[in-house]
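Engineer: Have a look at the structure that comes next, please.
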Amino acid sequence: ELPPFDYKPAPYVGPSKEEVLALRKEHLSPAMLYHFKNPVMITHGKMQYLFDERGRRYLDAFAGIVTVSVGHCHPEVNKAVIEQTERLQHTTVIYLNNQIAEYAKELTDRMPGNLKARRGGKGGRDLGRFLVAYFVNSGSEANDMAIMMARLYTGQYDMIALRNGYHGLTGATMGLMGLHTWKANIPHGFGVHHALNPDPYRGVFGNDGPAYARDVTDIIQSSTPGRVAGFISETIQGVGGAVPLADGYLPEVYKTVREAGGICIADEVQTGFGRTGSNYWGFQNAGVTPDIVTMAKGIGNGLPLGAVVTTPEIAATLAQRLHFNTYGGNPVCSAGGRAVLRVIDQEGIQAKAADVGGHLLKGLRGLAAKHDVIGDVRGLGLMTGMELVKDRATKEPAKEETAYVFERCKDLGVLLGKGGLHGNVFRIKPPMCITKPDVDFLVAALDQALSEL
Ligand code: PMP
13 ELPPFDYKPA PYVGPSKEEV LALRKEHLSP AMLYHFKNPV MITHGKMQYL
63 FDERGRRYLD AFAGIVTVSV GHCHPEVNKA VIEQTERLQH TTVIYLNNQI
113 AEYAKELTDR MPGNLKARRG GKGGRDLGRF LVAYFVNSGS EANDMAIMMA
163 RLYTGQYDMI ALRNGYHGLT GATMGLMGLH TWKANIPHGF GVHHALNPDP
213 YRGVFGNDGP AYARDVTDII QSSTPGRVAG FISETIQGVG GAVPLADGYL
263 PEVYKTVREA GGICIADEVQ TGFGRTGSNY WGFQNAGVTP DIVTMAKGIG
313 NGLPLGAVVT TPEIAATLAQ RLHFNTYGGN PVCSAGGRAV LRVIDQEGIQ
363 AKAADVGGHL LKGLRGLAAK HDVIGDVRGL GLMTGMELVK DRATKEPAKE
413 ETAYVFERCK DLGVLLGKGG LHGNVFRIKP PMCITKPDVD FLVAALDQAL
463 SEL
């Protein structure tokens, strides 16, 4: 049983599930419709729970693709959005408005202070405080902008990204993509080189970060003019299956890339805002300071918002040209984003992610001791993954088994995420207001589905 919860959604009034399905089939592209074999209809959400058209409650273990950070329809975020909606819904950056400016300050207040590390420790210049170079509406746009700034700033073109990485689906960001399943057969990826993935479970060098980092040196020496625009990676890969980067990888690579004149971009679209528990930003777990940080998803708790945060010097590349967008940092999203920051602080969300995430990892490891089909359990805070394999020695992906458990957990009341190149990784990344009793329910549902296999 799900833990008791004091909220009842209002009765749903509208077209039936079958009618909605028919409308979607006729008027929308089939993209993602078949996430579940039998699709779920969601009509209400409250904190860590979602409700279907019949009022049935589900535990949301995927947070709208790692986006609902502090909880569905969180009252404080709702209040901020509604108040701003009534005052002014839209204005652009060509006018002054308090929300975007105050938000930029409050957001960059959350960046770690020491920027002297930018060019590698001693002798590095203090480039000043990080600032928001640009507000956007999504993670793809943030990364698109980040690689453009890297290219403008360095005067170089070559970018290095990781195999198995995910950075978005715009023309430019699809080129960074390290997963064939998400690539379309269109021209993309000019000047992008994919490095060996430092995946401790499946990678060729196990958990030896510096060994993988040598591949980046090789790429620079063999596939570029010896100078690069930059390097981009997630700090724990998300869509690729909750894959942490091997120990010591990022510090080594950042040094190599900077020596080749490039700048280092951390894609914090999934790992930011306390999700990893131990730190506010994922890059802090790796002990590096990037030159550009891209963010989206959890930043707005579901509001369409993203940001590119960088040093004043790199941000100045945008001052060279006419460059602004229509919606980035609009007052409603800014007001909501500010509320998200307040809630993270006031409710100790980061500490919760560490505590409840630890409880979740313990539960999943308990399952791994019982079910041979579990090949790997990994994660940090509430950024967790569990990979199913047919055989622990060969690590052959257990696709059908994953599909079964995924569907069965939905019937039992838990909505999981799925990912990885072979679709055999459960991604468990709930809203960070999830509680330990919720986690116990989730682990019990997984246990039941795995036992039925
Ligand atoms: N970067 C990462 C790490 C992501 O996970 C995603 C989305 N899954 C993106 C970028 C792209 O974000 P969006 O879908 O908002 O464009």
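For reference, each letter of the sequence shown is one residue, going 13 to 465 in full-length UniProt numbering.
Built from N, CA and C at the ideal position, the CB exists for glycine as well.
#1: Would you give the residue range spanned by the alpha helix (DSSP H) that V216 belongs to?
#2: Using 7 angstroms as the cut-off, classify the Cβ of V281 as near or not near the heavy atoms of the ligand PMP, replying yes or no.
#3: Apart from the five residues just before and just after L174, which ones in its own chain have a Cβ nearer than 7 angstroms to its Cβ?
#4: Quick check: what's the CA-CA separation for G284 versus K374?
#5: Using only CA atoms, which one of D211, N219, I232, A363 lies nearest to residue 467?
#6: State the CB to CB distance for the pair L185 and N155, rounded to an integer number of angstroms; the pair is presumed to be in contact (CB under 8 angstroms).
#7: Given the structure, does N342 come close to the ligand MN, in the sense that its CB is under 7 angstroms from one of the ligand's heavy atoms?
#8: Given the structure, does S152 come close to the ligand PMP, in the sense that its CB is under 7 angstroms from one of the ligand's heavy atoms?
#9: When you compare the region 433–450 with the region 389–396, are there three or more beta-carbon pairs, one atom per stretch, that lie closer than 8 angstroms?
#10: Apart from the five residues on each side of it in sequence, which residues of its chain come closer than 6 angstroms, Cβ to Cβ, to H335?
#11: Expressed to the nearest angstrom, what Euclidean distance is found between the alpha-carbon atoms of I304 and T323?
#12: May I ask you to check if the CB of N337 is nearer than 7 angstroms to at least one heavy atom of the ligand PMP?
#13: In the DSSP assignment, what are the bridge partners of G391?
#14: Enumerate, from N- to C-terminal direction, the unbroken beta strand (DSSP E) stretches of 3 or more residues contained entirely within the region 48–76.
#15: When the Cα of R69 is compared with those of I198, I54, F295, which residue comes out closest?
#16: If distances are taken between C-alpha atoms only, which option among M307, G215, T166, C345 comes closest to A92?
#17: Counting Cβ pairs, one atom from each stretch, are 3 or more of them under 8 angstroms apart for the region 378–391 and the region 252–264?
#18: Between G180 and the ligand PMP, is the CB less than 7 angstroms from at least one heavy atom?
#19: Using only the heavy atoms of the ligand PMP, determine whether one of them is closer than 7 angstroms to the beta carbon of I277.
#20: Count the other CB atoms, across all protein chains shown, that sit within 10 Å of the CB of K422; report buried if there are 16 or more and exposed otherwise.
#21: What does DSSP give as the partner residue(s) for L427 in the beta ladder?
#22: State the CB to CB distance for the pair Q296 and V240, rounded to an integer number of angstroms; the pair is presumed to be in contact (CB under 8 angstroms).
#23: If you reduce the DSSP assignment to three classes, tell me which class P343 lands in.
Structural biologist: Per the coordinate set shown:
#1: As a position in the sequence shown, residue 216 is number 204, starting the count at 1. Careful: V216 lies outside any alpha helix (DSSP H) and carries neither H nor E.
#2: Counting from one through the sequence shown, the residue named residue 281 turns up at place 269. Yes, the beta carbon of V281 sits closer than 7 angstroms to at least one heavy atom of the ligand PMP.
#3: The residue given as residue 174 occupies position 162 in the sequence shown. Excluding positions up to five away in sequence, the list reads G190, H206, A207, N209, S245.
#4: Your numbering for residue 284 matches position 272 in the sequence shown. Your numbering for residue 374 matches position 362 in the sequence shown. Between the alpha carbons of G284 and K374 lies a gap of roughly 23 angstroms.
#5: Because the chain in this structure spans residues 13 to 465, residue 467 falls outside the shown range and cannot be described.
#6: Here the question's residue 185 lines up with position 173 in the sequence shown. Here the question's residue 155 lines up with position 143 in the sequence shown. The sequence shown places Thr at residue 185, not Leu. Confirmed, about 5 angstroms.
#7: The ligand MN is absent from the structure shown, which contains only the ligand PMP.
#8: Working through the sequence shown from its first residue, we reach residue 152 at position 140. Yes; taking the cut-off as 7 angstroms, the Cβ of S152 has a heavy atom of the ligand PMP nearer than that.
#9: Cβ pair count under 8 angstroms is three or more, so yes.
#10: For the purposes of this step, residue 335 is taken as the residue at position 323 of the sequence shown. Nothing listed; no residue qualifies.
#11: As a position in the sequence shown, residue 304 is number 292, starting the count at 1. As a position in the sequence shown, residue 323 is number 311, starting the count at 1. Distance between the alpha carbons of I304 and T323: 7 angstroms.
#12: As a first step, residue 337 must be located in the sequence shown, where it is residue number 325. No, the Cβ of N337 stays beyond 7 angstroms of every heavy atom of the ligand PMP.
#13: As a position in the sequence shown, residue 391 is number 379, starting the count at 1. DSSP, once it has assigned bridges, lists T396 as partnering G391.
#14: 56–58, 61–63, 69–72
#15: The sequence position of residue 69 within the sequence shown is 57, counting from 1. Among I198, I54, F295, the Cα nearest to that of R69 is on I54.
#16: On the sequence shown, position 80 is the one that residue 92 refers to. Among M307, G215, T166, C345, the Cα nearest to that of A92 belongs to C345.
#17: yes
#18: In the sequence shown, the residue the question calls residue 180 occupies position 168. Result yes, Cβ under 7 angstroms from the ligand PMP.
#19: The residue you call residue 277 lines up with position 265 of the sequence shown. I277: no, Cβ never under 7 angstroms from the ligand PMP.
#20: The residue labelled residue 422 in the question sits at position 410 within the sequence shown. Taking every protein chain shown into account, the CB of K422 has 16 or more other CB atoms within 10 angstroms, so this residue is buried.
#21: To locate residue 427, count along the sequence shown from 1; it is residue 415. Partner(s): D72.
#22: Taking the sequence shown and counting its residues from 1, one reaches residue 296 at position 284. Taking the sequence shown and counting its residues from 1, one reaches residue 240 at position 228. Their Cβ separation, rounded to whole angstroms, is 24 angstroms, which puts Q296 and V240 out of contact at 8 angstroms.
#23: Within the sequence shown, numbered from 1, the residue matching residue 343 stands at position 331. Note: P343 maps to helix in three-state DSSP.
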